[in-house]
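I have placed the structure first, in the form of structure tokens, so that the comments after it can refer back to it.
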Amino acid sequence: MRVYIASAYTAATPEEAHRNVNRSLNAATALLVAGHVPFVPLLSHFWHLHTITLGVEVPYEEWLAWAMTWILQCEGFLHLTPSPGADKELALAKEHGLIIFRTLAEALAYRDPTLQERVEKVIAVVENLGRWANEWTDSDACAGRHLRRFASEPE
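Here the working numbering is used: the sequence shown runs in plain steps of one and ends on residue 146.
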């Protein structure tokens, strides 16, 4: 499941902001190991630092709008720590029907109830690919015989 990780970023000191990023990265690592696909908007911290070195000022609202577009690409939403931005993201996630997790443990324990059905569909498609490949090979061989016969017939 694609899981958006929302947490506080803005902090009184750069060290505190870095700790906030690390908290999100720790959660993302746990989710990744558990088989989820985490999205970590706080990785923009490093992008933000880069824009500063370039002398480019990107307003907070623009960073938030950028991050919020990614919510629509996810099925799950982990509200790791509350903050004004994370709370706005939470409201959008609820509005679009994402599965909301209030703790990392809750997200890690989640098992998609449709997973087995989807796995069975994938298995059926893979099995059919093998059958279709054989049919294609047979028809290709048949077409090849016709082409060879046509090529060998006098005009």
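Just so you know, even glycine gets a beta-carbon here, dropped at the ideal spot from N, CA and C. This structure is a prediction, so every number in the text was calculated from the model and none was measured.
Looking at the strands, I want to know which residues DSSP matches up with residue i.
i     : result
GLY67 : VAL(-6) and ILE90
Assign residue i to one of two classes, buried (16 or more other C-beta atoms within 10 Å of its C-beta) or exposed (fewer than that).
i     : result
ASN17 : exposed
LEU11 : According to the sequence as given, residue 11 is Asn; it is not Leu. ASN11 is buried by the Cβ-count criterion.
PRO50 : exposed
So for residue i, helix, strand or coil by DSSP?
i      : result
VAL116 : helix
PRO73  : coil
PRO32  : helix
TYR0   : coil
PRO60  : Per the sequence shown, the amino acid found at residue 60 is Thr instead of Pro. If DSSP states are grouped into helix, strand and coil, THR60 belongs with the helices.
ARG139 : With a pLDDT of only 46 at ARG139, under 50, the local geometry of the prediction cannot be trusted, and the value read off the model is given with reservation. Helix at ARG139.
For the alpha helix (DSSP H) holding residue i, just list the boundary residues, first then last.
i     : result
VAL24 : 5 to 24
Smallest Cα separation from residue i: which of the options?
i     : options                      : result
LEU71 : GLU111, THR4 and PRO29       : PRO29
PHE68 : TRP57, LEU40, LEU83 and TYR0 : LEU83
Run the proximity test for residue i: is its beta-carbon closer than 6 Å to any non-hydrogen atom belonging to the ligand PLP?
i     : result
ALA82 : Within the structure as shown, the ligand PLP is missing, as the structure has no ligands at all.
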